[in-house]
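The structure appears below as structure tokens.
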Amino acid sequence: EPEVTQTPSHQVTQMGQEVILRCVPISNHLYFYWYRQILGQKVEFLVSFYNNEISEKSEIFDDQFSVERPDGSNFTLKIRSTKLEDSAMYFCASSQDRGGEKLFFGSGTQLSVL
Amino acid sequence: RKEVEQDPGPFNVPEGATVAFNCTYSNSASQSFFWYRQDCRKEPKLLMSVYSSGNEDGRFTAQLNRASQYISLLIRDSKLSDSATYLCVVNPEDSSYKLIFGSGTRLLVRP
Numbered sequence: 152e153p154e155v156t157q158t159p160s161h162q163v164t165q166m167g168q169e170v171i172l173r174c175v176p177i178s179n180h181l182y183f184y185w186y187r188q189i190l191g192q193k194v195e196f197l198v199s200f201y202n203n204e205i206s207e208k209s210e211i212f213d214d215q216f217s218v219e220r221p222d223g224s225n226f227t228l229k230i231r232s233t234k235l236e237d238s239a240m241y242f243c244a245s246s247q248d249r250g251g252e253k254l255f256f257g258s259g260t261q262l263s264v265l
Numbered sequence: 092r093k094e095v096e097q098d099p100g101p102f103n104v105p106e107g108a109t110v111a112f113n114c115t116y117s118n119s120a121s122q123s124f125f126w127y128r129q130d131c132r133k134e135p136k137l138l139m140s141v142y143s144s145g146n147e148d149g150r151f152t153a154q155l156n157r158a159s160q161y162i163s164l165l166i167r168d169s170k171l172s173d174s175a176t177y178l179c180v181v182n183p184e185d186s187s188y189k190l191i192f193g194s195g196t197r198l199l200v201r202p
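For the protein sequence lines, the chains are B and G, in the order given.
Residue numbering for the first sequence follows this note's numbering, starting at 152 and increasing by one per position.
Residue numbering for the second sequence follows this note's numbering, starting at 92 and increasing by one per position.
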């Protein structure tokens, strides 16, 4: 079964450093997403990406965050200057259609900001 | 009021039991509804979509009550492998790309 792959599985960084989280969505999917889950809390939407541009973003997704699809396969989330409160599990997801039907999540990147 | 609200549990039930989870959502314009399952420190996985007429998938039955803004999930004949957190998920409006997740209801099935 096709799957969304994320690297790295764990990332430890110092506060103020830039991090890039990487994702390879399912190849024939058109919609790409980043969600995050702080330990013990709910899954939260960050951003959606379609047709090479951001289609929707949440209040969490401020100027410190950016997304990019640099080639036909990778989808990245960059955090420019990490804060302690950015520590969370970051999930990439993709879907063929908009809205949640058949949304596939990657196994996540656990980001720890020290 | 929270956008999607669930009883956090945990629900601790013996194998073979029937268990029901409830969820309420605040946005009456919400169009799509789902139940996801999340194992400890793993990614959410779609369990089933929830349709207005109600739907069943094996031991799992989902119901939607739009008037009360209420969604339910019934699990019959619980298995040990059903132990997980069950997430109620809503697409807030037809034009939206995002999903709103509830905090989840934890289920523990004991032998």
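Glycine included, every Cβ here is placed at the ideal spot set by N, Cα and C.
- Nearest CB-CB separation between B/Glu210 and chain G: not below the 8 Å threshold.
- Judged by beta-carbon spacing, B/Ser238 lies within the 8 Å limit of B/Val264, meaning their Cβ atoms are closer than that value.
- Beta-carbon to beta-carbon, B/Met240 and B/Gly259 are separated by about 5 Å, close enough to satisfy the 8 Å threshold.
- About 7 Å separates the beta carbons of B/Leu197 and B/Lys208, which is inside the 8 Å limit, making them a contact pair.
- For B/Cys174, DSSP records a beta bridge to B/Gln157, B/Phe226.
- The three-state secondary structure of G/Glu106, taken from DSSP, is coil.
- In this structure, B/Ile230 lies near B/Phe216, with their beta-carbon atoms less than 8 Å apart.
- Contact note: G/Phe192 reaches chain B through Tyr186, Gln188, Lys193, Val194, Glu195, Phe196, using a C-beta cutoff of 9 Å and chain order.
- Around the C-beta of G/Gly107, fewer than 16 other C-beta atoms lie within 10 Å, and the residue is accordingly described as exposed.
- Nearest to G/Val200 by alpha-carbon distance, out of G/Glu184, G/Ser143, G/Ala111, is G/Ala111.
- A residue is called buried once 16 or more other Cβ atoms fall within 10 Å of its Cβ, and G/Gln129 is buried on that count.
- Annotation for B/His180: Ser245, Ser246, Gln247 place their beta carbon closer than 7 Å to its own, counting only its chain and skipping 5 residues before and after.
- Runs of the beta strand (DSSP E) lying entirely within the segment 184-234 of chain B, each at least 3 residues long, are 194-201, 204-208, 216-219, 226-230 in chain order.
- In the DSSP assignment, G/Asp148 falls within the unbroken beta strand (DSSP E) covering 146-148.
- Spatial neighbours of G/Ala175 in its own chain (CB-CB distance under 7 Å, excluding positions within 5 residues in sequence) are listed in chain order as Arg128, Gln129, Asp130, Leu198.
- Around B/Leu265, no beta-carbon contact reaches into chain G at under 9 Å, the shortest distance being about 20 Å.
- For B/Arg249, there is no enclosing beta strand (DSSP E), since its DSSP letter is neither H nor E.
- For the 8 Å CB-CB criterion, G/Phe125 and G/Val141 form a contact.
- Contact with chain B is absent for G/Glu96, since none of that chain's Cβ atoms lies less than 8 Å from the residue's Cβ.
- Taking the Cβ atoms as the reference, B/Val175 lies roughly 16 Å from B/Tyr186, outside the contact range of under 8 Å.
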